[in-house]
Every structure is written in structure tokens, then in C-alpha cells.
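**Student:** Once you've had a glance at the structure underneath, I'll fire off some questions.
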Amino acid sequence: MSVSTTTSRRSFLKGATAGVAASALGMASVALADEAAGDPNAAPEAWDVETDVVVMGYGYAGQASAISAAVEGSKVQVFEKAPEEYAGGNSSVCCGYFNIVTGEGSVEYWKALADGGASDEECQAVAEATELMPEWFSENIINADITENDADRTSKKFNGVEYPNSNKYSMMINFDEAFDGQGGGQRTWNNIDAVIKDRYADSITLNYDSEVTHLIQDPATKEVLGVRVQQGDKEICVKAAKGVIMACGGFEANYEMVKDFVMPGFDQFHIGSPYNTGDGVRMLMEAGVKLRHMAATEYGAICHYDLSQEYQQAVCTYNSGDTTHTVFVNKHGKRFIGENSGMGWPAHDKRYPYPCFNQENPSLEKANYPFWMVFDETRRTAGTIFGWSNTKANEGWMSVHGPVQWSDDCTPEIEDGYVLKADSIEELGGLMGYEGDDLTAFVDEINAFNENGANGEDPEFGRSLSENDQKNGVTLGVTDGPFYAIKCGLCYLNTNGGGARNTDYQLVDWNDQPVARLYGAGEFGSIFYHYYSGGGNICECFTSGMKCGQNVSALEPWA
Ligand SMILES: Cc1cc2nc3c(=O)[nH]c(=O)nc-3n(C[C@H](O)[C@H](O)[C@H](O)COP(=O)(O)OP(=O)(O)OC[C@H]3O[C@@H](n4cnc5c(N)ncnc54)[C@H](O)[C@@H]3O)c2cc1C
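Below is the structure:
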């Protein structure tokens, strides 16, 4: 395997930046609408398409919303910004863990997860809806097999729920046992896509390359009447007689928003869909809808900083893998964490999770970010460094759609300059850009780590060797030249910010009044705020989609 270059990189970039190009088209649509009607939110003289329900986005939340509305007898138009081959958002590239929490204590559980970010009434409503969802799913989508706390099937590679004392259930979907080379999330999305195209073809129309750009509202009441959609260089106005469901995912791929809302200043990278550019957030602000949970981000793993900058996408992610013969150092050559500690953050934590950012002073200057992974020949030959984001896993956008794969021994990456190589630690430090005191600090740090490591100690960060390592003669220390370094960044899975919802999944204004005929599903305004129920995003997509489809379908058409 190697890091592909030339043609494949160019064509990948073309695909990946399509979202940006589409955004630019979206801006053009503002100009067009301004010209024609003076106000992009005003109703047109004539509608180009008329339907009962508009669904914006075709991830799991869009799929569930569309199916639910169709089951309730509505005609549905789904508008998906990406072309068909890239449709599905984060849902179609995620890991696919689908965990639900129900039963006694579940309301308390949701409250604890929300940690003040959702009202008690909303937690109650979410718990009630979650209770109903599995049966609804089995009846209307695909037969699902619900397993209580089956560690063997679900938690084997996954830490599971990250809040203590939870009563977790796992939902497995009875597809073919074989993954057909697809990751769990992709496979699930593809199978539901097939169900929609087969069973719901008469009621659900799927439109790709269709970017929803504006809500059309009654100017006085703000009731939502429809949407404007950009399809290439054509803009259409779509009447939604019953309502609009925003299931447009997060703003992961909008780095300006991420820097403004999540972690000021830092260049971090998203591992999901490049089409999730926060269009919905802009639309909410235009429509006067309240935002919530904008800082809630699920962090993922370490990635290759320079490659990720190059692709504007997390490339080659590393998920707390093998850290023997490896240390991480900051830009001043100092270690900042026990490298085998899972990087010191609870998975999926939302608030300033990383020692990398220097929790005491997360300024750009004081942060340990970006940082370097330094390793030796023993580690290089022990197996691939970046394990998650290769085609074997098929999770993450780059694995599913991109050309970059990491080799087993870094040979091509060294040749291409993505891994620095030197015969001595001092020479390596020079290649990494350390000078003066920083270079001295770096050399001293590695020497100290090696000296302590020879005695199996790490006084500063308490690293230790597993029994297995000891059996295999592994020692702490970066001792076996030549030496190597990779500049690392961090990637995140998804954001949870979006529209604030009430207990009926209606989006509300800044006075907590519902905006008529406007609903929100999925990670766009998710209940998840502080903590996250592992695998709970997918559960929420189907629960909220189910409720949105039912609630919007129950409305009388506005005309
Ligand atoms: C690598 C990875 C692994 C993950 N693993 C898990 C897991 O195992 N379990 C779990 O619960 N969660 C997981 N997550 C999180 C989970 O995948 C997401 O939270 C969930 O899929 C979000 O679904 P959604 O339908 O809300 O949004 P998405 O699936 O992102 O769909 C949003 C859709 O809206 C479209 N869109 C955006 N703007 C517009 C517009 N203007 N007009 C029209 N369409 C638009 C996008 O193109 C996209 O298709 C993972 C995420 C990633 C990235």
C-alpha cells in the first residue's frame, strides 16, 4: 500500500471540494433570488415542485425522516447536496455501532448525558421515543435484532456507553453476515437506501446534486412554506405543504465554523463527509432559529497533519494504537502525555478533551499542537502506524472514497517525505525544525525517556509495559536507530450543533417558540452535549427521524 499521488489525488480533491463548489453555487443562488424576488426567503410566484414533506439531507436521519413521513401517507422529496455516488453524509462512512438505551432509569441517563444541555421534558421525550423506535424500525425498514448488553457482538472493539451505570441495548440489523468489503455504517446506509428505492419508491423522490440553500417563510409568521434548492446552475422553489425536516448533519467540513464554535484557532480535521459544510446553520440564523450544542464535537483520533492539510480532510488516522518505541513531543521538543494512555481523553468527550491543546492554557502558542510522533526502527517494522483509515476498516471518508492508504512499514512515505528519517535523534530534531533550546530539550527528553525506560520506568507520565510486551522483550525507549518522525494533528468524527428542538422535534426560535412546520433530526442539533452514548448518534438519527416524519405528517397542509 502507498500514499497515492498525482492523478488520484487530483481526482479525489475534485470530489472532496465539490461541497465547496456547491456552496459557492449556493451563494450565487442568493444573488439570483435577490435579483428575482428581492428576498431569498420569500415565496415565489409559482412553485417548481410541490410535495407534502421536504427532507434536507440523506444520511440516516434523512432516510428515517423520509420513511416515517411516507409510512404516514405523505409524499416526500429528499434533497441531497452530494452527487449520488457520494450521498449519505457521515452515515455512509461511519462505523455503524447502533446502540439504544431504554428501560428503567433511561430518563436519568439522558439527563446525565445532556448535562444541562436539554430540558428534563426533552430527555423524557427522547426516552419515550427511543423506546418505540426499534419496533418501528423493524416494521418499516429492516428486521432488527435487539440484543441486551451483548459484549461479544457490539463491544468487542468499542468501549460502548461512556456514562456509568447505563443500561445499554444494542441493535443489530439482520443483513447478510458478510460485510462485502463495506464498513458497518456504509453497509447499513446502502441497505436502507435499497429499501427506500424498492419499498417507498412511490412516495419518496430522491434528488441528488441538490443543495437546499434557503427556507421559504411567511414574512409575518415565519411559518415555513418550502425551500430553495440549487441544482447545478438552476434554482428551484419547492413547496412543502406540510413541512420541512432539516436532517443535514453537522458542520464538520466547515473549518471556519469549527474554529469559531469548537476550538478557536486550531487546524483540526474531519473524518466524515466533506459535504457537511454547515449550510443548515447558516439557514437557521437566517430564519431566526435558535442554535444549540455548537461546541459539542466528537473527537476521534490522531491523523497525519500535512496530508490532512493537503486534502482538507483527516488522512491516515491512528486510534490509540501501538505506542511501543514511540513518544509524542510538542513543538518545543517536550513530551506532554503518557502515550499509551489512550491520549488521556474519554472517547467522544466534548469539552476541551485533549492534553494536546494544553487544558490549562489552550492558546495557539501554549498548546502542544500540532505535535510529533517519534519512533524508532523497531516500531517502524512492527506494522502499520495509521491503522484505522485504511481500506481494511472502510470507515471514514478517506477509507471509503479517498486514495490515501498507509503502507505497512512506512517505506513509500519515507521516500515521499511524509515520514522524516535520520540516523540520530539530534539529526531528526533538526529535520523536525527544532533549533537552539528546543533542539536541546528534544534530545534531552528522548535521552531521559530512554534511560528511565531501560529500567521499565516513566516517572513523568507513568508509562508501563504490558505483560505481553515484557514477555516479548519490548522495552520502553526510542533506542533503535534509524529514527523517524511524523507531524500529527487531531481529527473529529462529527459535530452535534444545530437547531434547538422542543419535545416534538420542532425547531424553536430564540424565545423557545416553535417555528411552524420546521423540524430537526439527527446530529443537526443533537441532544448530545457533554457526554455521548457510544453508538447513540445513529440511534438518535432513527428516533428523531421517526418522530419528525410522524409529527410533520400529522399537520394539515398550509394550502
Ligand atoms: C468515521 C465515523 C464513524 C462514526 N461511527 C459512529 C458509530 O459507530 N455510531 C454512531 O452512533 N455514530 C457514529 N458516528 C457519527 C454518526 O455517523 C453521525 O452522527 C450520523 O451518521 C449523522 O447522521 P445524519 O443523518 O444526522 O447526518 P449525515 O449522515 O452527515 O447526513 C447529512 C446529509 O445532509 C447533506 N447536506 C448537507 N447540507 C445540505 C444541503 N445544503 N442541502 C442538501 N443536503 C445537505 C449531506 O450531504 C449529508 O448527506 C461516526 C461518524 C464518523 C465520521
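Quick note, the sequence shown lines up with residues 17 to 575 if you use this note's numbering.
A virtual CB, placed ideally from N, CA and C, is assigned to each residue, including glycine.
#1: Any chance the CB of glutamate 411 is under 6 Å from a heavy atom of ligand 1?
#2: Looking at ligand 1, does it come within less than 6 Å of serine 581, judged from the CB to the closest heavy atom?
#3: What would DSSP say about glutamate 376, mapped onto helix, strand or coil?
#4: Give me, in chain order, the residues of the same chain whose beta-carbon lies closer than 7 Å to that of lysine 172; leave out the 5 immediate sequence neighbours on both sides.
#5: Along the chain, where does the beta strand (DSSP E) that runs through isoleucine 157 open and close?
#6: Extract the residue ranges of the alpha helix (DSSP H) inside the stretch 395-463, only unbroken runs of 4 or more that lie entirely within it.
#7: Quick check: what's the CA-CA separation for serine 39 versus aspartate 295?
#8: With DSSP as the reference, label phenylalanine 153 as helix, strand or coil.
#9: Answer yes or no: do tyrosine 434 and proline 386 have a C-beta to C-beta separation smaller than 7 Å?
#10: Alpha helix (DSSP H) containing glutamate 264: first to last residue?
#11: With a CB to CB cut of under 7 Å and the five nearest residues on each side skipped, what residues in its chain are close to leucine 571?
#12: Considering just the uninterrupted stretch of the beta strand (DSSP E) at tryptophan 388, what are its terminal residues?
#13: When we look at the beta-carbon of glutamate 451 and count the other beta-carbons within 10 Å, is it buried (16 or more) or exposed?
#14: Using the DSSP secondary-structure output, state which residues sit across from threonine 293 in a beta bridge.
#15: By Cβ distance below 6 Å, which residues in the same chain neighbour glutamate 138 in space, the five residues on each side in sequence not counted?
#16: Assign methionine 389 to one of two classes, buried (16 or more other C-beta atoms within 10 Å of its C-beta) or exposed (fewer than that).
#17: If we call anything under 7 Å between Cβ atoms a contact, is cysteine 253 one with tryptophan 413?
#18: Let me check one thing: in DSSP terms, what residues is aspartate 525 bridge-paired to?
#19: Starting from cysteine 319, follow the beta strand (DSSP E) in both directions and report where the run begins and ends.
#20: Per the contact definition of three or more C-beta pairs closer than 8 Å, is the stretch 308-325 in contact with the stretch 509-516?
#21: Please tell me whether, using a cut-off of 6 Å, the distance from the CB of asparagine 292 to the nearest non-hydrogen atom of ligand 1 is below it.
#22: According to DSSP, is cysteine 557 part of a helix, a strand, or is it coil?
#23: Check tyrosine 76 in the structure and name its three-state DSSP category.
#24: Between the C-alpha atoms of alanine 98 and phenylalanine 267, what's the straight-line distance to the nearest angstrom?
#25: Can you grab the Cα-Cα spacing for the pair leucine 231 / glycine 288, in whole Å?
#26: Grouping DSSP H, G and I as helix and E and B as strand, with all else coil, what is alanine 62?
#27: Using the Cβ count rule (16 or more neighbours within 10 Å means buried), how would you classify phenylalanine 28?
#28: To the nearest angstrom, how far is the alpha carbon of arginine 215 from that of leucine 241?
#29: Whether or not the stretch 87-105 and the stretch 64-73 are in contact is what I'm after, with contact meaning three or more pairs of Cβ atoms, one per stretch, closer than 8 Å; do they touch?
#30: Taking 6 Å as the cut-off, is the beta-carbon of isoleucine 157 closer than that to any non-hydrogen atom of ligand 1?
#31: Hey, valine 305 and valine 531: beta-carbon distance below 7 Å or not?
#32: Which value, in whole angstroms, describes the spacing of the CA atoms of serine 480 and cysteine 555?
#33: Are there 16 or more other CB atoms within 10 angstroms of the CB of alanine 227, so buried, or fewer, so exposed?
#34: If we ignore side chains and look at the alpha-carbon of each, how far apart do serine 549 and valine 117 end up?
#35: Would the C-beta of glutamate 539 count as close to ligand 1, meaning under 6 Å from any of its heavy atoms?
#36: Are the Cβ atoms of phenylalanine 540 and glycine 105 separated by less than 7 Å?
**Tutor:** Let's see:
#1: By 1-based counting over the sequence shown, the position of residue 411 is 395. For ligand 1, at least one heavy atom lies less than 6 Å from the Cβ of glutamate 411.
#2: The chain is shown only over 17 to 575; residue 581 falls outside these bounds and no answer can be derived.
#3: On the sequence shown, position 360 is the one that residue 376 refers to. Glutamate 376 falls in the coil class under three-state DSSP.
#4: Counted from its first residue, the sequence shown places residue 172 at position 156. Because lysine 172 carries a pLDDT of 35, less than 50, the predicted location of this residue cannot be relied on, and the following value inherits that uncertainty. Once the five neighbours on either side are set aside, lysine 172 has no close Cβ partner at all.
#5: As a first step, residue 157 is located in the sequence shown; it is residue number 141 there, counting from the start. For isoleucine 157, there is no enclosing beta strand (DSSP E), as DSSP marks it with neither H nor E.
#6: 413-417, 427-431 and 441-448
#7: As a first step, residue 39 must be located in the sequence shown, where it is residue number 23. As a first step, residue 295 must be located in the sequence shown, where it is residue number 279. Reliability fails at serine 39, whose pLDDT of 37 lies under 50, so the model's placement of it is uncertain and no value is given.
#8: Within the sequence shown, numbered from 1, the residue matching residue 153 stands at position 137. In this structure, phenylalanine 153 counts as helix in the three-state DSSP scheme.
#9: Translated into the one-based positions of the sequence shown, residue 434 becomes position 418. Translated into the one-based positions of the sequence shown, residue 386 becomes position 370. For tyrosine 434 and proline 386, no; Cβs fall outside 7 Å.
#10: The sequence position of residue 264 within the sequence shown is 248, counting from 1. In the sequence under discussion, the amino acid at residue 264 is cysteine, which differs from the glutamate named in the question. Unbroken run through cysteine 264: none, as it is neither H nor E.
#11: By 1-based counting over the sequence shown, the position of residue 571 is 555. Answer for leucine 571: Lys258, Gly259 and Arg533, listed in chain order.
#12: In the sequence shown, residue 388 corresponds to position 372, counting from 1. Note, tryptophan 388: beta strand (DSSP E), 387-392.
#13: Working through the sequence shown from its first residue, we reach residue 451 at position 435. So glutamate 451 counts as exposed.
#14: As a working mapping, residue 293 is identified with position 277 in the sequence shown. DSSP lists no partner for threonine 293.
#15: One-based indexing of the sequence shown puts residue 138 at position 122. Contacts found: Thr519.
#16: Position 373 of the sequence shown, counted from the start, is the residue given in the question as residue 389. By the neighbour-count rule (16 or more Cβ atoms within 10 Å), methionine 389 is buried.
#17: As a first step, residue 253 must be located in the sequence shown, where it is residue number 237. As a first step, residue 413 must be located in the sequence shown, where it is residue number 397. In this structure, the beta-carbon distance from cysteine 253 to tryptophan 413 does not fall below 7 Å.
#18: Residue mapping note: residue 525 aligns to position 509 of the sequence shown, counting from 1. In DSSP, aspartate 525 forms a bridge with Val305.
#19: Looking up residue 319 in the sequence shown gives position 303. Judged by DSSP secondary structure, cysteine 319 falls within the beta strand (DSSP E) whose first and last residues are 313-320.
#20: yes
#21: In the sequence shown, the residue the question calls residue 292 occupies position 276. The answer is yes for asparagine 292.
#22: By 1-based counting over the sequence shown, the position of residue 557 is 541. Cysteine 557 carries a helical assignment under DSSP once its states are collapsed to helix, strand and coil.
#23: Along the sequence shown, one-based indexing puts residue 76 at 60. The answer is helix: DSSP assigns tyrosine 76 an H, G or I state.
#24: Residue numbering aside, residue 98 sits at position 82 when the sequence shown is read from its first letter. Residue numbering aside, residue 267 sits at position 251 when the sequence shown is read from its first letter. When rounded, the distance between both Cα atoms is 15 Å.
#25: The count along the sequence shown starts at 1 and reaches residue 231 at position 215. The count along the sequence shown starts at 1 and reaches residue 288 at position 272. The alpha-carbon atoms of leucine 231 and glycine 288 are separated by roughly 25 Å.
#26: Against the sequence shown, residue 62 aligns to sequence position 46. Correct three-state label for alanine 62: coil.
#27: As a first step, residue 28 must be located in the sequence shown, where it is residue number 12. Annotation note: pLDDT 43 at phenylalanine 28 (below 50); position unreliable, coordinate value reported separately. Under this definition phenylalanine 28 is a buried residue.
#28: By one-based count along the sequence shown, residue 215 stands at place 199. By one-based count along the sequence shown, residue 241 stands at place 225. Spanning the two alpha carbons is a distance of roughly 28 Å.
#29: Flag = yes, the stretch 64-73 and the stretch 87-105 touch.
#30: As a working note, residue 157 is residue 141 in the sequence shown. No, since every heavy atom of ligand 1 falls outside the 6 Å radius drawn around the Cβ of isoleucine 157.
#31: Taking the sequence shown and counting its residues from 1, the one referred to as residue 305 is at position 289. Taking the sequence shown and counting its residues from 1, the one referred to as residue 531 is at position 515. It is a contact, given that the beta carbons lie within the stated cut-off.
#32: To locate residue 480, count along the sequence shown from 1; it is residue 464. To locate residue 555, count along the sequence shown from 1; it is residue 539. So the two alpha carbons sit approximately 38 Å from each other.
#33: The residue you call residue 227 lines up with position 211 of the sequence shown. Looking at the sequence shown, residue 227 is not alanine but glutamate. So glutamate 227 counts as buried.
#34: By 1-based counting over the sequence shown, the position of residue 549 is 533. By 1-based counting over the sequence shown, the position of residue 117 is 101. Rounded to whole angstroms, serine 549 to valine 117 spans 8 Å at the Cα level.
#35: Position 523 of the sequence shown, counted from the start, is the residue given in the question as residue 539. Indeed, a heavy atom of ligand 1 lies less than 6 Å from the Cβ.
#36: As a working note, residue 540 is residue 524 in the sequence shown. As a working note, residue 105 is residue 89 in the sequence shown. No, they are not a contact pair.
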